[in-house]
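Counting from 352, one number per residue, gives the positions in the sequence shown under the numbering used here. Structure, as structure tokens:
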Amino acid sequence: MNNLQATQIKALKAGIQGEVILPEDASFDTARQVWNAMIDKHPAAIVRCAATPDVVHAVNFAREQGLRLAVRGGGHNIAGSAVCDDGIVIDLSQMKAAYIDTSNRRASIEGGATLADFDAAAQVHGLAVPLGINSTTGVAGLTLGAGFGWLSRKYGMTIDSLESAEVVTAAGEVLRASATEHPDLFWALRGGSGNFGVVTRFGFRLHPVGPNVLAGLIVYPFAEAKTVLQQYREFTDQAPDELSVWTVLRKAPPLPFLPEAVHGQEVVILALLYTGDPEQGKTLIAPLHAFGKPVGAHVGVMPYVDWQKAFDPLLTPGARNYWKSHNFSKLEDGLLDAVIEYVGKLPSPQCEIFFAAIGGATTRPAPDAMAYAHRDARFVMNVHGRWDDPADDAACIRWARDYFKASAPFASGGVYVNFLTADEGERVKAAYGQNYERLAQVKRRYDPANLFSTNQNIQPA
Ligand SMILES: Cc1cc2nc3c(=O)[nH]c(=O)nc-3n(C[C@H](O)[C@H](O)[C@H](O)COP(=O)(O)OP(=O)(O)OC[C@H]3O[C@@H](n4cnc5c(N)ncnc54)[C@H](O)[C@@H]3O)c2cc1C
């Protein structure tokens with residue numbers, strides 16, 4: 352392990368208003384943990400920044416000392432790119448302030464905020480941007496990878512609402528990127544992940560949402576999986592942008608609205624949110640209750656912020672996780688057969704396969720309008736291997752990889768950069784798709800020495 356020399360520690364601490372956490376500190380082991388317990392990295396120092404000048408100082412320090420650098424937003428990335436061995440971690444978790452300008456429907460939010468922080472601040476005013484499904488995720492990593500969630504069919508990817516960013520570059524400069532200021536950098540930030548600098552503040556355009564929405568779950572027995580999924584496919588083809596219905600196949604958690612006999616049995620879950628008038632939504636979703644004989648349903652009008660946290664209990668930090676992901680433009684029968692085969696042999700009670708139905712507004716911008724290229728993706732699939740005991744590592748990883756291979760012939764070729772694991776280096780170019788070369792040019796301009804390399808890395812051209 353590369354411990355810093357006393358003189359280096361003095362120089363680092365001298366410029367930091369926040370906290371510098373070193374391996375000998377009691378809080379170090381907690382501070383280096385990320386969401387995925389498979390990740391076990393030992394940095395030389397964790398700099399918990401209080402404000403942008405701390406970030407500038409830490410970037411300059413890492414560059415001048417030739418140290419590896421990692422940037423932590425919410426610490427959720429499956430690949431563990433929020434931490435590194437032997438280098439400096441810039442931890443933004445204390446920089447969470449949000450300012451909402453209600454008259455112009457704009458938000459300014461710091462780079463360490465979680466989705467819960469952002470939703471809470473904006474929903475007081477009935478406003479929101481599309482964010483992901485687990486409220487402890489960081490706004491920063493999600494946004495820089497493109498971001499999608501329940502509102503995306505209506506309002507697009509998260510980046511489609513991004514208007515500006517304050518960025519600390521590899522040279523330690525603080526720049527503002529927008530359509531008119533450093534537009535090449537602004538283009539690259541919208542899907543190019545953490546390759547271009549540390550974003551200390553994001554500026555978003557907000558949309559009217561809720562605060563109450565129609566949302567919930569309809570659960571079908573696994574025996575009906577094929578016909579339910581086929582009807583789901585037809586239904587989502589016709590659904591308006593206001594309605595998002597995702598599918599999750601897994602063993603049923605012990606949810607109170609499910610009969611006990613169903614707990615632990617494989618099920619097909621339709622999870623939905625309707626952003627329009629809830630009464631109209633109820634009529635619209637009626638067919639979803641009639642795809643077969645549901646074993647339970649829990650759908651109703653609820654605060655949007657509650658729905659944004661509904662999956663948190665299933666996605667707590669500290670479990671071992673291994674993911675595989677494909678994008679699909681349609682769900683072919685052969686794919687449905689493969690899903691059913693592999694959900695029939697889940698290696699742990701927490702493993703699941705889900706299809707996030709995006710489409711709608713996410714498909715309308717041109718693929719080169721910003722760095723995120725996969726405007727053809729209508730379904731983002733995640734094979735979510737999740738378990739607790741390291742003894743199950745091999746079986747769970749094998750299951751995820753085998754199903755990933757079985758489903759590959761039906762995929763559209765691209766992959767969501769935020770779902771790539773650490774061992775998928777060969778898929779990084781596919782994640783940036785047709786925009787990779789242009790991203791490499793922007794990388795050369797803003798980070799020619801590849802200081803920001805602990806990520807799904809773009810090599811400077
Ligand atoms: C349980 C769970 C559910 C998820 N659901 C969704 C979903 O519904 N929709 C979706 O789109 N994604 C989803 N994701 C994926 C998520 O978007 C990525 O894991 C994302 O990278 C998390 O961002 P973070 O800030 O928490 O991560 P971190 O691990 O902190 O960072 C991720 C990457 O971004 C970089 N980074 C972080 N902050 C900054 C910053 N301020 N400036 C520059 N670079 C930075 C890091 O260096 C790192 O490379 C989910 C992830 C999990 C674990």
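For glycine and all other residues, C-beta sits at the position ideal for the given N, C-alpha and C.
Quiz item: Do you know offhand how far Glu524's Cα is from Lys602's?
Solution: 50 Å
Quiz item: Can you tell me whether Gln785 is buried or exposed, with buried defined as 16 or more other CB within 10 angstroms of its CB?
Solution: exposed
Self-check item: Contained beta strand (DSSP E) runs [length at least 3] in the segment 562 to 605, N- to C-terminal order
Solution: 563 to 572 and 594 to 602
Quiz item: Should Gly462 be counted as a contact of ligand 1 given a C-beta to heavy atom distance under 8 Å?
Solution: Gly462 has its Cβ nearer than 8 Å to a heavy atom of ligand 1.
Self-check item: Selected residue, minimal CA-CA separation from Ala402, among Glu370, Ala648, Ser804 and Gly426
Solution: Glu370
Exercise. Starting from Glu375, follow the alpha helix (DSSP H) in both directions and report where the run begins and ends.
Key: Neither: Glu375 is in no alpha helix (DSSP H) and is coded neither H nor E.
Quiz item: Does the segment 655 to 671 touch the segment 705 to 725, meaning 3 or more C-beta pairs lie closer than 8 Å?
Solution: Fewer than three pairs of CB atoms, one per stretch, sit closer than 8 Å, so the segment 705 to 725 makes no contact with the segment 655 to 671.
Quiz item: Thinking just about the alpha-carbon of each residue, which of Arg419, Asn387 and Gly477 is nearest to the one in Asn428?
Solution: Asn387
Quiz item: What do you reckon, is the C-beta of Ile484 under 8 Å from a heavy atom of ligand 1?
Solution: yes
Self-check item: Which of helix, strand or coil DSSP assigns to Ala689
Solution: helix
Practice problem: Find the nearest neighbour of Ala448 within the set Ile441, Ser454 and Ser459, judged by alpha-carbon distance. | Solution: Ser459
Exercise. Look at Arg423 and Val440 and say whether their C-beta atoms are less than 9 Å apart.
Key: yes
Quiz item: Can you tell which of Ala641, Ser529 and Leu420 has the C-alpha that lies nearest to the C-alpha of Tyr583?
Solution: Ala641
Quiz item: The alpha helix (DSSP H) spanning Ala365 covers which residue range?
Solution: Ala357 to Ala365
Quiz item: Looking at the structure shown, is Pro654 part of a helix, part of a strand, or coil, going by DSSP?
Solution: strand
Practice problem: Note down, one range per segment and in chain order, each alpha helix (DSSP H) of at least 4 residues found wholly within the segment 505 to 542. | Solution: Segments of the alpha helix (DSSP H) lying fully in the segment 505 to 542: 534 to 540.
Exercise. Indicate the three-state DSSP secondary structure (helix, strand or coil) for Thr494 in the structure shown.
Key: helix
Quiz prompt | Residue from Ala689, Ser699 and Gly627 whose Cα sits closest to the Cα of Ala762 | solution = Taking each of Ala689, Ser699 and Gly627 in turn and checking the Cα distance to Ala762, the smallest one comes out for Ala689.
Quiz prompt | Inter-residue spacing [alpha-carbon to alpha-carbon] between Glu826 and Pro605 | solution = Because the chain spans 352 through 812 in this model, residue 826 falls outside it and cannot be assessed.
Quiz item: Going by the CB atoms, is the gap between Ala497 and Asn769 shorter than 9 Å?
Solution: yes
Quiz item: What three-state label does DSSP hand Asp628 in the structure shown?
Solution: Secondary structure at Asp628: coil, using DSSP grouped into helix, strand and coil.
Quiz item: Hey, out of Cys435, Val406 and Val407, whose CA is closest to Leu418's CA?
Solution: For Leu418, the nearest C-alpha among the options comes from Cys435.
Quiz item: If you scan the segment 719 to 760 from start to end, which runs of the alpha helix (DSSP H) of 4 or more residues do you find wholly inside it?
Solution: Listed in chain order, the alpha helix (DSSP H) runs fully inside the segment 719 to 760 are 744 to 758, counting runs of at least 4 residues.
Quiz prompt | Cα-Cα separation between Arg729 and Phe803, rounded to whole angstroms | solution = 31 Å
Quiz prompt | Residue of Thr634, Gln384, Pro664 and Asp663 minimising C-alpha distance to Val650 | solution = Measuring from the Cα of Val650, the nearest candidate turns out to be Thr634.
Practice problem: Compare the beta carbon distance of Thr488 and Val560 with 9 Å and say whether it is the shorter of the two. | Solution: It is not a contact, given that the beta carbons lie outside the stated cut-off.
Self-check item: Pairwise C-alpha distance: Leu355 and Leu771
Solution: 31 Å
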